[in-house]
Amino acid sequence: MKAPIPDITRDLFDLSGYCCIVTGASAGIGLTIAESLAHRGADLVLVGRNAQHLDAAALKVRAIGHRVATVAVDVADDAAPQRIVDTALKLSGRIDVLVNNAGFMTFADPFDVNDETWDEIFSVNVRAPMRITRAVLPVMVKAARGSIINIGSSWSTRASVFNQDGGGVDYCSSKAALHALTRSTAQDVAPFNIRVNTVAPGAVDTPMHADHRALLFEFEKYIPLGRIQVAQDLAGVVIFLASDASGYITGQALHVNGGMLMVD
Ligand SMILES: NC(=O)c1ccc[n+]([C@@H]2O[C@H](COP(=O)([O-])OP(=O)(O)OC[C@H]3O[C@@H](n4cnc5c(N)ncnc54)[C@H](O)[C@@H]3O)[C@@H](O)[C@H]2O)c1
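Each number in the working numbering corresponds to the 1-based position in the sequence shown with 94 added.
Have a look at this one:
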């Protein structure tokens, strides 16, 4: 089918009635994304490992005024994709948006990178988004619409995690693979009016950096817009990609990094 032409007489950013799934939604970027989608009117399915943290997140998102369900699961588990789909369909009977956000970072270098960590990071940062995407696709194909947003990284295009300090061979490789997964998936699902894009954050002050926060802030000098990124800096672009406002955008990586990388 051909992509529908946007109706500019209505609010193109409105997500009322949408059902959005966000993985890694207990904290950090995922929680802020979930809150911002709820503020535009969406129902939310929050996915995370820790049931207690997830319940606390659900309380916050529910207070915004829409339906919320949680799935306490490791996204890398075999059963995760189907549990997520079943929960979304039970909550709303539809799936409009999937945000593959859950992920983690390591600082391995090529001299000591270990096979187990390599497999783990690929299973969470790449294989899980692929498997959850595969599980939501039949629902989106049936509805002939959908938006999948993968949270990639500026480090998909860089040599190391903190610039000249090196390290991150496994993290950088996993995020580059996620960007590639986005493009290939986008091409194959476009005929069903399903869009797939990557949002690539730069250096965001979240719990991910809790044990090296000083190092994160040293990085501030490389950011033309002058400050370390916060999760709220990603809200606008995720709402945009989730909504009809971006109906003609697919297979792209949108870099949100304060100008740290200036790439096409
Ligand atoms: N913080 C940054 O500087 C930065 C920069 C670029 C990209 N990113 C990406 O953004 C995403 C979110 O990062 P963040 O900074 O909010 O991280 P975070 O560690 O602060 O939060 C991540 C959330 O995902 C959950 N999670 C992690 N692994 C999971 C798994 N296997 N199953 C279920 N839930 C899991 C965590 O429990 C946590 O709630 C990640 O994919 C990360 O790689 C972050």
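Think of the CB as a built atom: it goes at the ideal place given N, C-alpha and C, for glycine as much as any other residue. For clarity, every value in this text was computed on a predicted model and none was experimentally measured.
Proximity of residue i and residue j at Cβ, strictly below 9 Å
i	j	result
Arg289	Ile242	yes
Gly246	Leu272	yes
Met95	Asn287	yes
Asp299	Val331	no
Val162	Leu183	no
Asp421	Cys113	Only positions 95 to 358 of the chain appear in this structure, which leaves residue 421 out of reach.
Thr292	Leu348	yes
Val169	Val218	yes
Leu138	Ala336	no
Gln281	Gly345	yes
Phe216	Asp264	yes
Pro175	Asp338	no
Where residue i falls, given that 16 or more other Cβ within 10 Å makes a residue buried
i	result
Arg209	Reading off the sequence, residue 209 comes out as Asp, not Arg. With fewer than 16 Cβ atoms within 10 Å of its Cβ, Asp209 is classed as exposed.
Gly261	buried
Met234	buried
Val357	exposed
Gly124	buried
Gly187	exposed
Asp327	buried
Pro318	exposed
Asn244	buried
Thr276	buried
Ala308	exposed
Residue i Cβ short of 8 Å to ligand 1 heavy atom set
i	result
Trp249	yes
Ile288	no
Asn219	yes
Lys154	no
Thr164	no
Gln323	yes
His303	yes
Asp168	yes
Met354	no
Ala119	yes
Asn208	no
Leu310	yes
Met199	yes
Cβ separation of residue i and residue j, assumed to be a contact under 8 Å, to the nearest whole Å
i	j	result
Ser250	Ala222	With a Cβ gap of about 17 Å, Ser250 and Ala222 do not count as contacting.
Asn195	Gly118	4 Å
Ala136	Leu153	Actually they do not touch by this definition, with Cβ atoms about 17 Å apart.
Ala151	Ser120	5 Å
Gly83	Ser248	In this structure the chain extends from 95 to 358, so residue 83 is not present and cannot be described.
Thr211	Thr200	6 Å
Gly142	Ala166	7 Å
Extent of the continuous beta strand (DSSP E) to which residue i belongs
i	result
Thr164	162 to 166
Val298	Per DSSP, Val298 belongs to no beta strand (DSSP E) and is neither H nor E.
Leu348	347 to 350
Thr117	113 to 117
Ser241	240 to 245
Asp137	137 to 142
Val191	191 to 194
Opening and closing residue of the alpha helix (DSSP H) in which residue i lies
i	result
Val230	222 to 237
Ile333	329 to 336
Ser130	122 to 133
Arg175	Note that residue 175 is Pro in the sequence shown here, rather than Arg. From DSSP, the alpha helix (DSSP H) with Pro175 extends over 174 to 186.
Leu275	263 to 283
Leu64	Residue 64 lies beyond the residue range present for the chain, which begins at 95 and ends at 358; the question has no answer from this structure.
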